[in-house]
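S.K.: These protein sequence lines are chains A and B, in that order. Note that the working numbering numbers the first sequence so that position 216 is 216, with each residue one more than the last. Take any residue in the second sequence, note its place counting from 1, add 1000, and you have its number in the working numbering. For glycine and all other residues, C-beta sits at the position ideal for the given N, C-alpha and C. These numbers were taken from a predicted model, which means no experiment stands behind them.
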Amino acid sequence: RLSEKLKQILNKVREKGKISENDLKQSLKEIKLALLEADVHYKVVKDFISKLEKLANQESLSKTLTPGQQIIKMTHTVLTEILGEKQSKIRFNEEGPTNILLIGLQGSGKTTTAAKLALQIKKMGYIPALIAADKIRPAAIEQLQIMGEKAGADVFAGGVNQPVLNTIHEAQQWAKEHKRDVLIIDTAGRLHIDSELIQELKDIKNAIPIHETLLVLDALMGQDALRMADDFNKKIGVDGFILTKLDGDARGGVSLSIRSMTGKPIKFTGVGEKIIDLEPFYPDRMSSRILG
Amino acid sequence: FSDAINDKGVFLEKIEELLILSDIGPNTTAEILERFQSINLHLFRVNDFNHFKELLKQMLHELIPPQVDTSKIDPGMLNIVLIMGVNGTGKTSFAGKLAYYYKSKGYDSLLVPADTFRAGAIEQLHYLSKEAGVEFLRAAPGSDPASVVFDGIQSARAKKKVLLIVDTAGRLHTYHNLMRELAKIKRVILKNAPDALLCSTLVIDATTGQNGLFQASNFKESLGVSDITLTKLDGTAKGGIVLTIQKELSIPVSFIAFGEKITDMCRYNQDKFIETLLD
Ligand SMILES: Nc1nc2c(ncn2[C@@H]2O[C@H](COP(=O)(O)OP(=O)(O)OP(=O)(O)O)[C@@H](O)[C@H]2O)c(=O)[nH]1
Ligand SMILES: Nc1nc2c(ncn2[C@@H]2O[C@H](COP(=O)(O)OP(=O)(O)OP(=O)(O)O)[C@@H](O)[C@H]2O)c(=O)[nH]1
Ligand SMILES: [Mg+2]
Ligand SMILES: [Mg+2]
């Protein structure tokens, strides 16, 4: 664990009372290893370490903290700064129904998250509905219908052979008639390098106003997360992220990478397979998790 | 002379970046960088990074000799493939792909939906069984997965199938109760088909980071992993974690999947894999 490793290195510093060049170097080496083991992107780690190095060299030693505590405090500060300091919420449409589009790689947790989100939005006092826009995956519609039932939210499906855009238009009409004020669109998993399916997302965003495009991604992801998030953001625009499967022991370094690359916030985290397992994202909790 | 030292620094950093980005992990990367450190300085004056890629390829082959994959079908007995892994990695899809693959090799299988938990899981596998042209064991949602597997064994024997492909629910290895459920499924297989050839395949997503190593060691500890299937290689992730898994846990990779069509899979080849990794 990083805090243990740093304590070890800096325990011998305690006697000297200040950080030597070598001690700092060794500490930074440990922090770099911890971040890479936590799946933070290589480039983000390099920037982070050089930021920390500058900070350590210009900051005079605190009288109240040991050098070890000071380095850990600085690391936490830089991390929390990158992750965003406060919670970021859904931006609801003030003048009519809110349309939320969920996108992401195959298997990242979109369908499950769509239903979880519907439940949370219901608790906020809205009347959400789910739109089954995944016509590709076998039994995707059935899956969303079952999850929708658990959330107590209607699922608008259209046939599996109906083109996605037709379903979207019909859903919008249906929502108006049934006074649903938030529409959550579940889409098929797709690669950021699949031009046809990227175009489908562009078509959806051109067809109806999308107030929140949320990229759902797996907390177990490694180095590829940065490029993937960047690609989706550049190609179709992303307003925020939902990080799933944080109930496992993945350190979740992807959170640092996607945030620093796109500047977009992580809004929610998935912490299990049950319908209630969706929490707001807390930057400071994430930073402790990454450092291990 | 100082130029050579500068080049060495630049090259080592390039190698570090290449390896880290592949998800092979910082510890394996450090081992490889150490080997490069001991290489003669004058070699680094050769301003050709491709020369180092070749060296790197050799080093990877030396450091991580490919584990032999013993997964094959013995038509003289019942063969059982137990497919497991964390959530969303492509297990159900792979079950369909494997059924189609073996069917094309002349082995007809029975697909068993032992994921009775997740919404739409049984329907999803049922659809894939039709696509693969193989039989499907009916199961009720919410029923006990171990009982479903028991039924599958009886049914395979009755229908004289040589291959049983068992799909299980995704589960994070941190849930001890879910890992116990999987261990129970294995016990049911060993008890009711003691003569069967059992393959426990761990399905790992190529986008997985360092957590992949914990997945492999935990599944190995709970019930044993005979081999790994690496999926979603059609994306931009390299799946380098399987090299570290081979190195640390000696678990071979049997198959890879690279797309959503039922034919998008093939046997793993380490030479090709390393070649693509370093591209
Ligand atoms: N443990 C855990 N499992 C999750 C979480 N979110 C989703 N899952 C599981 O991850 C798996 C994939 O979830 P889906 O909702 O089907 O993912 P998807 O993105 O819709 O998949 P595609 O539509 O095929 O791209 C399922 O087994 C879910 O139950 C989470 O926060 N924690
Ligand atoms: N691009 C790509 N997608 C894949 C591949 N294998 C599976 N998928 C997709 O990944 C998603 C999840 O696949 P599943 O087979 O449902 O995964 P799973 O492991 O059974 O999921 P759970 O049972 O929920 O844990 C689906 O959308 C699949 O089509 C692959 O090799 N490449
Ligand atoms: Mg889905
Ligand atoms: Mg499945």
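Closer than 8 Å by beta-carbon distance: list the chain B residues that pair up with ALA56 of chain A, in chain order.
M.R.: Those do not exist, as ALA56 of chain A stays about 21 Å from chain B at its closest Cβ, beyond 8 Å.
S.K.: Residues of the stretch 240 to 256 of chain A with a CB closer than 9 Å to any CB of chain B: list them in chain order, please.
M.R.: THR244, LYS245, ASP247, GLY248, ASP249, ALA250, ARG251, GLY253 and VAL254
S.K.: Tell me the DSSP bridge mates of ALA132 of chain A?
M.R.: According to DSSP, which records beta bridges pairwise, ALA132 of chain A is partnered with A:ASP186.
S.K.: Do the stretch 207 to 225 of chain A and the stretch 252 to 268 of chain A make contact, defined as three or more Cβ pairs closer than 8 Å?
M.R.: yes
S.K.: Give the straight-line distance between the Cα atoms of VAL1188 of chain B and GLN199 of chain A, rounded to the nearest whole angstrom.
M.R.: 48 Å
S.K.: If the cut is a Cβ gap below 8 Å, which residues of chain B does ILE193 of chain A touch?
M.R.: Listed along the chain, the chain B residues whose CB falls inside 8 Å of the CB of ILE193 of chain A are GLY1235 and THR1236.
S.K.: Going by C-alpha distance, which of A:LEU36, A:ASP23, A:ASP277 and A:THR113 is nearest GLN70 of chain A?
M.R.: A:ASP23
S.K.: Using 8 Å as the threshold, is the C-beta distance between ALA1196 of chain B and ILE1080 of chain B below it?
M.R.: yes
S.K.: By the 10 Å Cβ neighbour count, where 16 or more other Cβ atoms means buried, how is ASN57 of chain A classified, buried or exposed?
M.R.: When all chains shown are included, ASN57 of chain A counts as exposed.
S.K.: Residues in the stretch 214 to 240 of chain A with C-beta within 8 Å of chain B's C-beta atoms, listed in sequence order?
M.R.: Against chain B - using a Cβ distance shorter than 8 Å - the residues of the stretch 214 to 240 of chain A are ASP218, LEU220, MET221, GLY222, GLN223, ASP224, ALA225, ARG227 and MET228.
S.K.: Going along chain B in order, which residues have a C-beta closer than 8 Å to the C-beta of SER108 of chain A?
M.R.: GLY1088
S.K.: Going by other Cβ atoms of all chains shown within 10 Å of its Cβ, with 16 needed for buried, is ASP1227 of chain B buried or exposed?
M.R.: buried
S.K.: Report the three-state DSSP secondary structure of LYS46 of chain A (helix, strand or coil).
M.R.: helix
S.K.: Secondary structure at ASP284 of chain A, three-state DSSP: helix, strand or coil?
M.R.: helix
S.K.: With a threshold of 7 Å (Cβ to nearest heavy atom), would LYS110 of chain A be considered close to ligand 1?
M.R.: yes
S.K.: Taking Cβ positions only, does PRO1026 of chain B come closer than 8 Å to chain A?
M.R.: yes
S.K.: Give every residue of the same chain whose Cβ lies closer than 8 Å to the Cβ of PHE1001 of chain B, excluding the five residues on either side of it in the sequence, and list them in chain order.
M.R.: Only weak support is given to the placement of PHE1001 of chain B: the predicted model assigns it a pLDDT of 46, under 50, and the value that follows is read from those uncertain coordinates. For PHE1001 of chain B, where only same-chain residues beyond five positions count, there are no Cβ hits under 8 Å.
S.K.: So for MET124 of chain A, helix, strand or coil by DSSP?
M.R.: Three-state DSSP puts MET124 of chain A in coil, outside helix and strand.
S.K.: Quick check on ARG1138 of chain B: buried or exposed, where buried means 16 or more other Cβ atoms within 10 Å of its Cβ?
M.R.: That one is exposed.
S.K.: If you follow the alpha helix (DSSP H) that ASP203 of chain A is in, where does it begin and where does it stop?
M.R.: 195 to 207
S.K.: With a cut-off of 8 Å, does the C-beta of GLU81 of chain A fall near any C-beta of chain C?
M.R.: Here the protein chains are A and B, and chain C is not one of them.
S.K.: Going by the CB atoms, is the gap between THR269 of chain A and SER108 of chain A shorter than 8 Å?
M.R.: no
S.K.: Are the beta-carbon atoms of ALA1193 of chain B and LEU1078 of chain B separated by less than 8 Å?
M.R.: yes
S.K.: Taking just the CA atoms, how far does PRO1141 of chain B sit from GLY1235 of chain B?
M.R.: 32 Å
S.K.: So, for LEU28 of chain A: in the same chain, excluding its five sequence neighbours on each side, which residues have a beta-carbon less than 7 Å away from its beta-carbon?
M.R.: Correct list, in chain order: ILE49, LEU52 and GLU53.
S.K.: Show which residues of chain B have a CB atom less than 7 Å away from the CB atom of ALA139 of chain A.
M.R.: GLY1120, GLU1123, GLN1124 and TYR1127
S.K.: Got a sec: is the Cβ-Cβ distance from GLU37 of chain A to anything in chain B below 8 Å?
M.R.: yes
S.K.: So, is GLY1085 of chain B buried or exposed, given that buried needs 16 or more other C-beta atoms within 10 angstroms?
M.R.: buried
S.K.: Taking a cut of 7 Å between CB atoms, which residues from the stretch 1210 to 1226 of chain B lie near chain A?
M.R.: GLN1210, ASN1211 and PHE1214
S.K.: Output yes or no for whether 8 Å exceeds the beta carbon distance between GLY1120 of chain B and GLN106 of chain A.
M.R.: no
S.K.: Could you check whether the Cβ of GLU142 of chain A sits closer than 8 Å to any Cβ belonging to chain B?
M.R.: yes
S.K.: For ASP1271 of chain B, which of B:ILE1122, B:PHE1036, B:PRO1066 and B:LEU1019 has the nearest alpha-carbon?
M.R.: When B:ILE1122, B:PHE1036, B:PRO1066 and B:LEU1019 are compared, the shortest CA-CA separation from ASP1271 of chain B is found for B:PRO1066.
S.K.: Closest Cβ-Cβ distance between LEU1060 of chain B and chain A: below 8 Å?
M.R.: Chain A contact via Cβ: absent.
S.K.: Thinking C-alpha only, which one of A:GLU37, A:ALA38 and A:MET74 is nearest LEU55 of chain A?
M.R.: A:MET74
S.K.: I want to verify the contact list: residues of chain A whose CB lies under 7 Å from the CB of ILE1015 of chain B, in sequence order.
M.R.: Chain A residues near ILE1015 of chain B: none, gap ~12 Å exceeds 7 Å.
S.K.: Near ligand 5, which residues have their beta-carbon closer than 5 Å to a heavy atom?
M.R.: As far as ligands go, the structure on display features ligand 1, ligand 2, ligand 3 and ligand 4 and does not contain ligand 5.
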